[in-house]
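Engineer: Before anything else, here's the structure in question.
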Amino acid sequence: MEQLERARRYLDRLRSLYSGIFTTSADRDLYEDDAISFFMHCYYVRDWIIHLNKVGITASQVDEFINSHNELKICTDLCNGSKHCRLERNIRSGRQPHIAAKRYDTSTWLTGSGGGNVVKGRYTVVTASGTIDALDLAERCIEPPRGGLILRVISDWIGFYNHQHPLQNN
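Counted from 1, the sequence shown has number 36 at position 37 by numbering that gives the first Met the number 0; the numbering is strictly sequential.
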């Protein structure tokens with residue numbers, strides 16, 4: 000699914016920042032934009048599931064699945080909070096989550112023709128239940144080694160909802 004691949008690319012960018020990236024830019028906002036963009040693209044996988052489905056799964060059924068997983072609720076609220084600035088209704092995770100702590104470690108490299116910096120960044124997300132590292136949250140949402148909720152929903156949503164809400168045969 001194209002949208003899932005897009006979300007994975009943003010996850011790769013976030014992982015790269017945590018590992019250290021070479022840059023000549025001092026604009027740290029670019030890296031935070033990538034973190035927020037991951038959560039937006041991850042949440043929008045929901046819309047692709049709804050619009051591409053062939054078995055009659057409804058938006059409310061997909062939302063029910065999201066609401067049964069804390070990581071996906073936080074992802075949803077990070078996405079919508081960054082889009083709307085302030086969530087005043089439909090807060091799924093109990094409180095509007097936000098990136099509260101940003102840490103950057105920089106090493107400067109000089110060469111004969113210039114130089115640049117190796118920047119490592121980390122973000123902490125404040126949620127209703129405490130704090131969580133942004134990369135840890137992202138991986139729990141999408142990648143199999145840490146839970147892979149989005150991947151599981153794509154492979155299991157038909158079975159999950161057919162079991163929970165049997166489709167009516169016409």
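Here a beta-carbon is modelled for each residue, glycine too, at the ideal position from N, C-alpha and C.
In three-state terms, what does DSSP make of residue 50?
Structural biologist: Three-state DSSP puts residue 50 in a helix.
Engineer: Check whether the stretch 48-68 and the stretch 17-36 are in contact - that is, three or more C-beta pairs closer than 8 Å.
Structural biologist: no
Engineer: With DSSP run on the structure shown, which of helix, strand or coil describes residue 15?
Structural biologist: helix
Engineer: Based on DSSP bridge pairs, tell me the residues matched to residue 61.
Structural biologist: According to DSSP, which records beta bridges pairwise, residue 61 is partnered with nothing at all.
Engineer: Mind checking which residues open and close the alpha helix (DSSP H) that includes residue 135?
Structural biologist: First-last of the alpha helix (DSSP H) with residue 135: 133-141.
Engineer: With residue 66 and residue 72 assumed to form a contact (beta carbons below 8 Å), what rounded beta-carbon distance in angstroms separates them?
Structural biologist: About 6 Å separates the two Cβ atoms, so the contact holds.
Engineer: Mapping DSSP to helix, strand and coil, what is residue 56?
Structural biologist: coil
Engineer: Quick one: grab the DSSP three-state call for residue 104.
Structural biologist: strand
Engineer: Cα separation between residue 166 and residue 63?
Structural biologist: Because the pLDDT at residue 166 is just 44, under 50, the model does not fix this residue reliably, and the point stays unresolved.
Engineer: In this structure, does DSSP put residue 75 in helix, strand or coil?
Structural biologist: helix
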